[in-house]
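Numbering (our numbering), first residue to last: 4 to 171. Heads up, the beta-carbon is just placed ideally off N, CA and C, and yes, glycines get one too.
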């Protein structure tokens with residue numbers, strides 16, 4: 004299934020990739036993202052809805068692929084908190100393996116991954132099969148309440164200040 008994720012990320016996405024940036028550690032963690040999203044219309048599966056818009060917030064973290072469920076997780080930098088990434092409220096709890104292993108990510112992330120894959124192919128002649136870790140400011144919308152010591156289920160509405168980690 005991770006190959007499906009890699010294939011979907013390498014698909015052509017119109018537009019230019021966002022320039023990598025650096026954000027402060029744990030900046031904007033508690034800043035709510037209340038306004039209705041402008042990118043919600045671009046998603047196939049809505050993440051931010053009128054019901055959960057007041058719960059969405061910005062957090063600085065590292066998105067990585069893990070073994071287990073869910074495959075995509077965000078480590079909130081400066082904490083021990085892990086966010087499990089799912090498609091959105093209408094697909095949670097997950098009903099299919101695709102909902103667990105291939106969550107819909109924001110178009111900004113797809114563009115950044117595509118640019119990194121093109122760079123890697125240009126430099127080495129190969130492309131990655133599993134997406135490398137991405138550091139960014141993520142707009143996360145909780146899909147269930149936070150429980151101390153447990154991974155929290157979220158969907159990612161948008162991302163900014165994206166930096167794709169190089170493996171070499």
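Under DSSP, the alpha helix (DSSP H) around residue i begins and ends at which residues?
i	result
residue 151	Looking at the DSSP string, residue 151 is not in any alpha helix (DSSP H), and its letter there is neither H nor E.
As a quick exercise: from the options, pick the residue whose alpha carbon is nearest that of residue i.
i	options	result
residue 140	121, 101, 134, 79	79
residue 129	119, 157, 50, 137	119
residue 47	159, 164, 168, 67	159
residue 94	85, 102, 60	102
residue 89	166, 157, 161	157
residue 126	170, 54, 72	170
residue 148	53, 49, 54, 58	58
residue 2	55, 75, 115, 61	This structure gives no information on residue 2, because the portion of the chain shown stretches from 4 to 171.
residue 70	164, 105, 122	105
residue 72	122, 86, 117	86
residue 121	167, 150, 55	167
So for residue i, helix, strand or coil by DSSP?
i	result
residue 163	strand
residue 66	strand
residue 44	With a pLDDT of 44 at residue 44, under the threshold of 50, the modelled position of that residue is not reliable, and the figure given next carries that caveat. Correct three-state label for residue 44: helix.
Any beta-carbon of chain C closer than 7 Å to the one on residue i?
i	result
residue 93	Within the model displayed, chain C is absent; a lone protein chain is all it includes.
Determine, using beta carbons only, whether residue i and residue j come nearer to each other than 7 Å.
i	j	result
residue 65	residue 136	yes
residue 110	residue 51	no
residue 112	residue 143	no
residue 134	residue 68	yes
residue 49	residue 91	yes
residue 165	residue 115	yes
Completely contained beta strand (DSSP E) runs for the segment 69 to 140, where each covers 3 or more residues: Within the segment 69 to 140, the runs of beta strand (DSSP E) that reach at least 3 residues and sit entirely inside it are, in chain order, 75 to 79, 85 to 88.
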